[in-house]
Each structure stands twice: as structure tokens, then as C-alpha cells.
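Numbering (our numbering), first residue to last: 15 to 300.
Cβ atoms here follow ideal geometry from the backbone N, Cα and C, with glycine treated the same way.
Below, the structure is given as C-alpha cells:
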């Protein structure tokens, strides 16, 4: 077999994995700060994709401006839901799971009423292909990877280098201690939830020109996000990065060589890893 047969899916997997990191980072930020798994996470991805589709694809507004609007809008929706639905539950596991499932169903049905049930597609933002070593990589995929890298680095800088980010770290480590030193934990949780939802939304916006979008696509996105943080280690930001890349590459190779039967292949990899690392690749021991 020629080199391009193996190189093409690897490059596709890297691009996909980098964008998956955004998804997993959003879920990780929310879990770390609030100790809940937002089961409506995939629906915020879907909302972001449709936001960019309508603002850029139909209204012909600049794509990058559409992404900025997408982040702000989806973050605001997330903050609203956190205040109304999640904050009163105080992190109780079963109620938050029920609320998350309810929001998932609610947002899917609202999206079907507003956007319809048919898959939508938008024109590629970056036209053409880059060819080397007999491998073709579209400029749209390259652009998506670059945008995702910039955002991931921005999130890293924000969390580890800013005062607000350090307050988020302190809240994630020990809420009582954070309160004792004057950190407004409620405000931090609100901001963290908004950031997590915004990251999911912008990931949807970045991939909207590449894949078809539909109201029910959030379910598969949620499954992938959960798989990434389980693989990398729940609550670990470096783990989310590693898990996202692994899932993207494995998924790309699986689709190339196994076709539709590759759907469960990434989960077999995750199970294999968890046999030897029950807390994930970067998970901390209790």
C-alpha cells in the first residue's frame, strides 16, 4: 500500500482531534468547577453550528464575526440555563442528570421546530486543497485546525495565566477554601458554565462548513465528548487534549479502513486503555 493511504486519515484525524479538544475542554471546565456532567453539552455544539450556518451561510456576514457572535450567544444561553436549571440543584448528581437529559430533549425539539429536520450544509469558507506527497487536505480542514489551536491556546492561557482563571482553578480544587479567601464561587461557576458551553458552540461553528448539521447531532457529540474525558481522565485539561487527539485519529483510521463498522472501534480503544489506566491517561489517583 502507498503512503498516502495511511497519511491521509492521519492528517484528517489530527484536524478532527484538535477540534474535539475544544468540545472536551468545555465539558471538562464545567465538570471541574461544578462537579456535574452537562448532558446537554452536544446541544450547545448544535446551537453553535446552526448559529454560524444562519449568520454566515445565509445572512452572508463575515465567518469570523459569526464565530465571535456564536461564542457570545451560546455562552449567554449556557449562563441562563446554569442560573435557572443547574444552580438550584447544588451539584446533586441524579437531579443534574435528569435536568441535563431534559434540556437535551428540549433543545433538540426546539431546534427541529425552528430549523427543520433535514440535514443542512454550508459553503466551505476556505476554498481549494493543499497537496503534498499525493495527499490532499482541504483548506477548510486546515483552517478549522488552526482556529481550534488558537482557541485551545487561548483557553490554556486564560485558565493558567489570568487572575480569573486561577480563581477557577481554586474553585475546582476546593470550593470551601476558595470561599474562605474571598472568591465568589457562584460567579465562577456561572462563568465556567458559560465558557464550557461557548467552547462547545464554537466547535460546532468551526466544523459547520465541513460536516452536515442537523438538530439531533448533539447526541453523538455528547458521546464523543464523554469518551474523550473518560479516556484522558475526568477533570484533566491535559487529558482532554490527549484524549481528543487519540479519538480523532482512531475515528479517522476506523472510518477509512472499516467503514460503518468502525462506529464502535474508538470505544474498544477506550476500554483497552481503562483496563490498564482505570482513571484515564492523565487521571489523578484518589
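Buried or exposed (CB count within 10 angstroms, at least 16 for buried), residue i
i           : result
residue 34  : buried
residue 9   : Since the displayed the chain opens at 15 and closes at 300, residue 9 lies outside it and no answer follows.
residue 266 : buried
residue 292 : exposed
residue 105 : exposed
residue 79  : exposed
residue 300 : Any reading at residue 300 needs caution, since the residue's pLDDT is 42, under 50, leaving its predicted position unreliable; the model's value is listed next. With fewer than 16 Cβ atoms within 10 Å of its Cβ, residue 300 is classed as exposed.
residue 19  : exposed
residue 226 : exposed
residue 130 : exposed
residue 90  : exposed
residue 180 : exposed
residue 239 : buried
residue 26  : buried
residue 122 : buried
residue 52  : buried
residue 70  : buried
residue 96  : buried
residue 190 : exposed
residue 248 : buried
residue 73  : exposed
residue 253 : buried
residue 1   : What the structure shows of the chain is the stretch from 15 to 300, and residue 1 is not part of that stretch, so it cannot be assessed.
residue 141 : exposed
residue 98  : exposed
residue 154 : buried
residue 55  : buried
residue 29  : buried
residue 278 : exposed
residue 177 : exposed
residue 64  : buried
residue 116 : exposed
residue 204 : buried
residue 195 : exposed
residue 41  : buried
residue 77  : buried
Bridge partner(s) assigned by DSSP for residue i
i           : result
residue 134 : 227
residue 150 : 145
Start and end residues, alpha helix (DSSP H) containing residue i
i           : result
residue 266 : 251 to 272
residue 203 : 199 to 221
residue 189 : 189 to 194
residue 237 : 232 to 246
residue 110 : 107 to 129
First through last residue of the beta strand (DSSP E) which encompasses residue i
i           : result
residue 146 : 143 to 146
residue 165 : Not the beta strand (DSSP E): residue 165 falls in the alpha helix (DSSP H), residues 153 to 175.
Contact belief for residue i with residue j at Cβ below 8 Å, rounded distance in angstroms
i           : j           : result
residue 284 : residue 244 : 6 Å
residue 44  : residue 200 : At roughly 15 Å, the Cβ-Cβ gap does not stay under 8 Å, so residue 44 and residue 200 are not in contact.
residue 217 : residue 62  : 7 Å
residue 257 : residue 242 : 4 Å
residue 184 : residue 197 : 6 Å
residue 246 : residue 294 : 5 Å
residue 67  : residue 92  : No, residue 67 and residue 92 are not in contact; Cβ-Cβ is about 19 Å, not under 8 Å.
residue 32  : residue 163 : 6 Å
residue 213 : residue 169 : 7 Å
residue 161 : residue 224 : Actually they are not in contact, since the Cβ atoms of residue 161 and residue 224 sit about 11 Å apart, beyond 8 Å.
residue 100 : residue 47  : Between residue 47 and residue 100 the Cβ distance is about 11 Å, and since that is not below 8 Å, they are no contact.
residue 144 : residue 156 : 6 Å
beta-carbon residue i near the ligand GTP non-hydrogen atom, thresh 7 Å
i          : result
residue 90 : Questions concerning the ligand GTP fall outside what the structure shown contains, since it holds no ligand whatsoever.
Contact with chain B by residue i, beta-carbon distance below 8 Å
i          : result
residue 24 : Going by chain labels, chain B is absent from the structure shown, which holds only one protein chain.
Taking the runs of the alpha helix (DSSP H) that are 4 residues or longer, which of them lie wholly in the stretch 29 to 100?
Taken in chain order, the complete alpha helix (DSSP H) segments of 4 or more residues contained in the stretch 29 to 100 are 55 to 66, 77 to 95.
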